[in-house]
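Input: a single structure, listed below in structure tokens.
In our numbering, the protein residues as written are 4 to 318.
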């Protein structure tokens with residue numbers, strides 16, 4: 004969170020207006036870009052939360068190509084997150100950490116539209132105590148996985164463990180690898196994708212590779228098996244940007260099978276979401292200093308895809 008020029012505390016969204024959006028009302032376009040209702044956008048604008056330079060925008064302002072608009076979204080109100088008796092696949096647990104194999108389709112923490120049934124709800128029931136560094140909405144959550152990405156995650160049960168694990172992720176002491184099935188035949192056996200990534204100007208729910216004003220993102224990849232139309236790839240993260248592997252594989256020209264955002268195409272495989280799995284995690288235990296290694300087995304849907312590929316059953 005940070006203060007904007009007009010004194011509001013909240014999350015800043017910087018939006019650049021395109022030629023296609025020029026001439027339209029500001030409230031209409033901004034609501035679409037921020038994925039909120041028009042009435043909510045109008046209220047934000049009435050409160051002075053949308054500015055162009057030093058000028059507070061009115062709802063009926065007609066946009067111009069190249070307009071740079073900053074919208075300050077209000078801080079989310081705290082939720083009363085309740086423990087829920089939801090089954091968890093726990094790979095390891097002690098007094099400091101819990102390592103889980105997250106199911107595809109499970110949201111990590113409560114947010115708009117997902118106030119229950121999340122990993123946090125399940126952890127609160129199972130663990131009773133979690134670190135409080137991320138507040139009531141994301142207790143214990145050190146790093147995240149997308150809803151439809153399965154696999155290994157580590158959560159902190161106290162603040163000391165949370166600080167240690169967060170530092171390990173920041174300094175790359177903790178290492179994560181992912182397995183994915185992509186469309187196409189990757190010619191190189193391995194490589195590194197390094198780009199800038201920022202939120203898509205035309206779709207706030209997506210990220211995109213940009214030439215400037217983005218965050219540096221680096222993914223190392225290694226081809227494990229090729230099947231002509233499809234490739235099984237192992238990816239190692241050097242940075243942890245939102246949707247990083249999904250964006251990078253699409254940018255490389257080999258989008259992940261089943262990805263509803265970056266590869267919305269029909270697939271011969273049965274999978275609800277992207278074929279992306281958090282496979283391994285290495286970290287130093289925050290209390291004992293022991294090197295820890297964990298691997299999460301492939302979920303059934305991805306296991307079936309790999310089996311069909313090896314049998315040639317994918318045309």
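Positions of the beta carbon are idealized from the N, C-alpha and C atoms, including for glycine.
On a predicted model such as this, the values are computed, not experimentally measured, just so you know.
- [ ] With distances taken Cα to Cα, identify the nearest neighbour of residue 282 among 106, 46, 16, 31.
- [x] Along the chain shown, one-based indexing puts residue 282 at 279. Of 106, 46, 16, 31, the residue nearest in Cα terms is 106.
TODO: Count the other CB atoms, across all protein chains shown, that sit within 10 Å of the CB of residue 70; report buried if there are 16 or more and exposed otherwise.
DONE: Sequence index remark: in the chain shown, residue 70 carries index 67 (1-based). Burial call: buried.
Open item on the list: In whole angstroms, give me the CA-to-CA distance for residue 159 and residue 249.
Closed with: Position 156 of the chain shown, counted from the first residue, corresponds to residue 159. Position 246 of the chain shown, counted from the first residue, corresponds to residue 249. Whole-angstrom Cα-Cα distance: 26 Å.
TODO: Evaluate residue 152 with the Cβ neighbour count: other Cβ atoms within 10 Å of its Cβ, from every protein chain shown; 16 or more gives buried, anything less gives exposed.
DONE: As a working mapping, residue 152 is identified with position 149 in the chain shown. That one is buried.
Open item on the list: Within 10 Å of its beta-carbon, does residue 19 have 16 or more other beta-carbons around it, so buried, or fewer, so exposed?
Closed with: Counting from one through the chain shown, the residue named residue 19 turns up at place 16. It is exposed - the Cβ of residue 19 has fewer than 16 other Cβ atoms within 10 Å.
Open item on the list: For the alpha helix (DSSP H) containing residue 44, name the first residue and the last one.
Closed with: Against the chain shown, residue 44 aligns to sequence position 41. Note, residue 44: alpha helix (DSSP H), 41-49.
TODO: Could you check the C-alpha separation between residue 277 and residue 256 for me, to the nearest Å?
DONE: Here residue 277 refers to the residue found at position 274 of the chain shown. Here residue 256 refers to the residue found at position 253 of the chain shown. If I take the Cα positions, the gap works out to 16 Å.
- [ ] Report back the beta-carbon spacing between residue 289 and residue 168 to the nearest angstrom; my notes put them in contact at under 8 Å.
- [x] To locate residue 289, count along the chain shown from 1; it is residue 286. To locate residue 168, count along the chain shown from 1; it is residue 165. Confirmed, Cβ separation roughly 6 Å.
Open item on the list: Please list the terminal residues of the continuous alpha helix (DSSP H) segment that includes residue 251.
Closed with: Taking the chain shown and counting its residues from 1, the one referred to as residue 251 is at position 248. 247-255 is the span of the alpha helix (DSSP H), which, as asked, contains residue 251.
Task: 8 Å Cβ shell around residue 94 - same chain, five flanking residues per side excluded - done: Stepping through the chain shown from its first residue, residue 94 is reached at position 91. 102, 103, 104, 155, 297, 299.
Open item on the list: If you reduce the DSSP assignment to three classes, tell me which class residue 169 lands in.
Closed with: Along the chain shown, one-based indexing puts residue 169 at 166. Looking at residue 169 - three-state DSSP - the assignment turns out to be helix.
Open item on the list: Per DSSP, what are the beta-bridge partners of residue 75 in this structure?
Closed with: Along the chain shown, read from residue 1 onward, the residue named residue 75 stands at position 72. In DSSP, residue 75 forms a bridge with 15.
Open item on the list: According to DSSP, is residue 311 part of a helix, a strand, or is it coil?
Closed with: Within the chain shown, the letter at position 308 stands for residue 311. Correct three-state label for residue 311: helix.
TODO: Closer than 8 Å by C-beta to residue 307: which residues in its own chain qualify, once you throw out the five before and the five after it? Chain order, please.
DONE: As a first step, residue 307 must be located in the chain shown, where it is residue number 304. Correct list, in chain order: 272, 273.
Task: Environment of residue 264 [buried if 16+ CB atoms lie within 10 Å] - done: Position 261 of the chain shown holds residue 264. The residue in question, residue 264, is buried, as its Cβ has 16 or more Cβ neighbours within 10 Å.
Task: Local conformation of residue 282 per DSSP, three classes - done: Counting from 1 along the chain shown, the entry for residue 282 is found at position 279. Looking at residue 282 - three-state DSSP - the assignment turns out to be strand.
TODO: May I ask you to verify whether the stretch 239-249 touches the stretch 176-184, counting CB pairs closer than 8 Å and requiring at least 3?
DONE: yes
Task: residue 33 (DSSP reduced to helix, strand or coil) - done: Position 30 of the chain shown holds residue 33. Correct three-state label for residue 33: helix.
TODO: With DSSP collapsed to three states, give me the class of residue 239.
DONE: Here the question's residue 239 lines up with position 236 in the chain shown. DSSP places residue 239 in strand when its eight states are reduced to three.
- [ ] Could you tell me how far apart the beta carbons of residue 112 and residue 144 are, in whole angstroms, since I believe they sit closer than 8 Å?
- [x] Stepping through the chain shown from its first residue, residue 112 is reached at position 109. Stepping through the chain shown from its first residue, residue 144 is reached at position 141. That belief holds up - the Cβ atoms of residue 112 and residue 144 are roughly 6 Å apart, short of 8 Å.
Open item on the list: In this structure, how does DSSP classify residue 95 when only helix, strand and coil are distinguished?
Closed with: Start at 1 with the first residue of the chain shown, and residue 95 comes out as number 92. In this structure, residue 95 counts as strand in the three-state DSSP scheme.
Open item on the list: With the cut-off set at 8 Å, would you say residue 175 and residue 199 are in Cβ contact?
Closed with: If you number the chain shown from 1, residue 175 lands on position 172. If you number the chain shown from 1, residue 199 lands on position 196. No.
TODO: Inspect the beta-carbon positions of residue 226 and residue 192 and report whether they are closer than 8 Å.
DONE: The residue given as residue 226 occupies position 223 in the chain shown. The residue given as residue 192 occupies position 189 in the chain shown. The answer is yes: Cβ separation under 8 Å.
Task: Through-space distance from residue 234 to residue 188, alpha-carbon basis - done: Residue numbering aside, residue 188 sits at position 185 when the chain shown is read from its first letter. Residue numbering aside, residue 234 sits at position 231 when the chain shown is read from its first letter. Straight-line Cα distance between these residues: approximately 6 Å.
TODO: From the DSSP output, in three-state form, read off residue 223 for me.
DONE: For this step, residue 223 is matched to residue 220 along the chain shown. Three-state DSSP puts residue 223 in a strand.
Open item on the list: With H, G and I counted as helix, E and B as strand and the rest as coil, what does DSSP make of residue 201?
Closed with: Along the chain shown, one-based indexing puts residue 201 at 198. Looking at residue 201 - three-state DSSP - the assignment turns out to be strand.
- [ ] Can you grab the Cα-Cα spacing for the pair residue 270 / residue 38, in whole Å?
- [x] As a working mapping, residue 270 is identified with position 267 in the chain shown. As a working mapping, residue 38 is identified with position 35 in the chain shown. Near 28 Å, if we compare the C-alpha coordinates of residue 38 and residue 270.
Open item on the list: Mapping the DSSP letters down to three states, classify residue 123 as helix, strand or coil.
Closed with: Here residue 123 is taken as the residue at index 120 of the chain shown, counted from 1. The answer is helix: DSSP assigns residue 123 an H, G or I state.
Open item on the list: Using 8 Å as the threshold, is the C-beta distance between residue 17 and residue 73 below it?
Closed with: Reading the chain shown from its first residue, position 14 is the one you call residue 17. Reading the chain shown from its first residue, position 70 is the one you call residue 73. Contact flag set, yes.
- [ ] Could you tell me the distance, in whole angstroms, from the CA atom of residue 268 to the CA atom of residue 224?
- [x] Counting from one through the chain shown, the residue named residue 268 turns up at place 265. Counting from one through the chain shown, the residue named residue 224 turns up at place 221. Their Cα atoms are separated by approximately 23 Å.
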